[in-house]
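Structure first, commentary second.
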Amino acid sequence: MEFFQASTENKLELPLANAGISAGFPSPAMDFMESKIDANDLLVKHPLTTFYARVSGNSMINAGIGNNDLLVIDRTLVPEDNNIAICFIDGDFTVKRLKIKKDGIYLMPENEQYEPIKITDDNQFTIWGIVTFVVKKLR
């Protein structure tokens, strides 16, 4: 994984439709683009400890994280059960769902073609950060 630190020095304002966009039947005409939203304010809560990384692989595809997606990672968040985290294990970075049980920590893939990883005392292991957003290209 290659990491990039978030930069919030410049505003990244995008038009925002004030009314919700219907995912069912089309809604009647409305006033569009009446306000703006700053993508930095939305994605980055802690600028000094927020990073971006590009995904390589498909072990998290069922969580909506695919190859080449961009992850927003916050290193200040305390890891909790079920978080999706960037972990450093035995010299490599990986993105997996955390499963914290009485008998230890498991790194859970979201693809049935991959096996869970049980963290043991033999592993060099660190939870590097928590994934807060996924940015993906649809086309």
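In the working numbering, the protein residues as written are 7 to 145.
Glycine included, each C-beta is placed from N, C-alpha and C at the ideal position.
The structure displayed is predicted, hence computed values, not measured ones.
My understanding is that PRO85 touches ILE136, with C-beta atoms under 8 Å, so please give their C-beta distance in whole angstroms.
Rounded to the nearest angstrom, the Cβ distance from PRO85 to ILE136 is 6 Å, consistent with a contact under 8 Å.
Using DSSP with H/G/I as helix, E/B as strand and the rest coil, what is ALA12?
Under the three-state reduction of DSSP output, ALA12 falls in the coil class, being neither helix nor strand.
I think LYS105 touches ASP87, with their Cβ atoms under 8 Å apart; what is that distance to the nearest whole Å?
Sure, about 7 Å apart at Cβ, within 8 Å.
Quick one: what's got a C-beta closer than 7 Å to ASP80's C-beta in the same chain, skipping five residues either side?
Excluding positions up to five away in sequence, the list reads LYS51, HIS52, THR55, THR56, GLY135, ILE136, THR138.
Closest Cα partner of ASP47 within the set VAL78, GLY63, ALA91:
That would be VAL78, whose Cα lies nearest to the Cα of ASP47.
With respect to the beta strand (DSSP E) encompassing LEU77, which residues constitute its N-terminal and C-terminal limits?
76 to 80 is the span of the beta strand (DSSP E), which, as asked, contains LEU77.
Assuming ALA59 and ILE92 are in contact, meaning their beta carbons sit under 8 Å apart, how far apart are those beta carbons, in whole angstroms?
About 7 Å separates the two Cβ atoms, so the contact holds.
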